[in-house]
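**Student:**
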Amino acid sequence: MRVYLPATTTVLRTLVDEGLLAGPHTAFAVTPQLREFYERSDAEADQEELEYAALLTAARASLRLLDVDPTAPRRRVVLAADVPDDQVSPMDDPHVERGAVRIGVDVRMRDVASAHIDGSDAEEDVRAATNVVLEADLGSEDAQFVVDQAEGHELGWYATQELGAALELL
């Protein structure tokens, strides 16, 4: 199953240096709950659109990780990885985002299909969003506006063989 793992550049450095991220993990994927939600609002949504929705949710979760990692550059990071279906458990809880899953295994570099990382032009907006993402989660419209500014930046796509070089450019 393709999953989208929220990360930071610190997490990405660990993956590049050690070749794996020890599990378990919380990630995002096209789950029955996500599919059902989009069937109600956009019945025409295909698999690619649903995967993009899962990726964007993981990018929002990356903001939360940045909030607890003050040394990481202010860039959202999402890892797209393929893990065994039997190691992915949907989190059917009304208090978590649709598409949230638990992964019961380590994520190895060979499992990663790509990384999605903010460009330098997003840093100021990501920094501001990181400072208020928890307030946005609690319903603050002002904070949500700030988070929306960061989420308006498209994440860059990186193949796994480019990750070391991408980290060196940060």
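Using the numbering used here, the first residue of the sequence shown is number 1, and each one after it goes up by one.
Every residue gets a Cβ at the ideal spot worked out from N, C-alpha and C, and that includes glycine.
If I measure Cβ to Cβ from H117 and keep anything under 7 Å in the same chain, skipping five residues before and after, which residues do I get?
**Tutor:** Taking the first residue of the sequence shown as position 1, residue 117 is located at position 117. Position check: residue 117 holds Ile in this sequence, whereas His was assumed. Cβ neighbours of I117 beyond the five flanking positions: R75, V77, L155, G156, Y158 and A166.
**Student:** Need the endpoints of the alpha helix (DSSP H) that G156 sits in, please.
**Tutor:** Residue 156 sits at position 156 when you count from the first residue of the sequence shown. Careful: G156 lies outside any alpha helix (DSSP H), inside the beta strand (DSSP E) at G156 to A159.
**Student:** Determine the closest residue to P24 out of S89, L65, D42 and G104, with distance taken between C-alpha atoms.
**Tutor:** Walking along the sequence shown from the start, residue 24 turns up at place 24. Selected option, being the one with the closest Cα: G104.
**Student:** May I ask you to report which of helix, strand or coil DSSP gives A29?
**Tutor:** Counting from 1 along the sequence shown, the entry for residue 29 is found at position 29. Three-state result, A29: coil.
**Student:** Return the CA-CA distance between L12 and E44, expressed in angstroms with no decimal places.
**Tutor:** For the purposes of this step, residue 12 is taken as the residue at position 12 of the sequence shown. For the purposes of this step, residue 44 is taken as the residue at position 44 of the sequence shown. Going from the Cα of L12 to the Cα of E44 covers about 34 Å.
**Student:** Using only the alpha-carbon positions, how far apart do G119 and A72 sit?
**Tutor:** Taking the first residue of the sequence shown as position 1, residue 119 is located at position 119. Taking the first residue of the sequence shown as position 1, residue 72 is located at position 72. Taking the straight line joining both Cα atoms gives about 14 Å.
**Student:** Considering only residues of the same chain and omitting the five flanking positions on each side of S62, which have a CB-CB separation below 7 Å?
**Tutor:** Counting from 1 along the sequence shown, the entry for residue 62 is found at position 62. The answer, listed in chain order, is P6, A7, T8, R76, V77 and V78.
**Student:** Closest to D69 by CA distance: which of R127, V146 and V16 is it?
**Tutor:** Residue mapping note: residue 69 aligns to position 69 of the sequence shown, counting from 1. The option with the nearest alpha carbon to D69 is R127.
**Student:** What span of residues does the alpha helix (DSSP H) with A22 cover, start to end?
**Tutor:** As a first step, residue 22 is located in the sequence shown; it is residue number 22 there, counting from the start. Neither: A22 is in no alpha helix (DSSP H) and is coded neither H nor E.
**Student:** Express the C-alpha separation of V83 and P32 in angstroms, rounding to a whole number.
**Tutor:** The residue labelled residue 32 in the question sits at position 32 within the sequence shown. The residue labelled residue 83 in the question sits at position 83 within the sequence shown. Going from the Cα of P32 to the Cα of V83 covers about 17 Å.
**Student:** Under 8 Å, with one C-beta from each stretch per pair, do the segment 90 to 110 and the segment 147 to 154 reach the 3-pair mark?
**Tutor:** Cβ pair count under 8 Å is below three, so no.
**Student:** Looking at the secondary structure, which residues open and close the beta strand (DSSP E) in which S62 lies?
**Tutor:** As a working note, residue 62 is residue 62 in the sequence shown. Unbroken run through S62 is the alpha helix (DSSP H), Q47 to D67; no beta strand (DSSP E).
**Student:** Following the continuous beta strand (DSSP E) through L79, name the residue where it begins and the one where it ends.
**Tutor:** Looking up residue 79 in the sequence shown gives position 79. Note, L79: beta strand (DSSP E), V77 to D82.
**Student:** Rounded to the nearest angstrom, what separates A58 and V96 at their Cα positions?
**Tutor:** In the sequence shown, the residue the question calls residue 58 occupies position 58. In the sequence shown, the residue the question calls residue 96 occupies position 96. Rounded to the nearest angstrom, the two C-alpha atoms are 12 Å apart.
**Student:** When we look at the beta-carbon of R98 and count the other beta-carbons within 10 Å, is it buried (16 or more) or exposed?
**Tutor:** Here residue 98 is taken as the residue at index 98 of the sequence shown, counted from 1. Buried, since its Cβ has 16 or more Cβ neighbours within 10 Å.
**Student:** Alpha carbon to alpha carbon, how far is E124 from D148?
**Tutor:** For this step, residue 124 is matched to residue 124 along the sequence shown. For this step, residue 148 is matched to residue 148 along the sequence shown. E124 and D148: Cα-Cα distance of roughly 13 Å.
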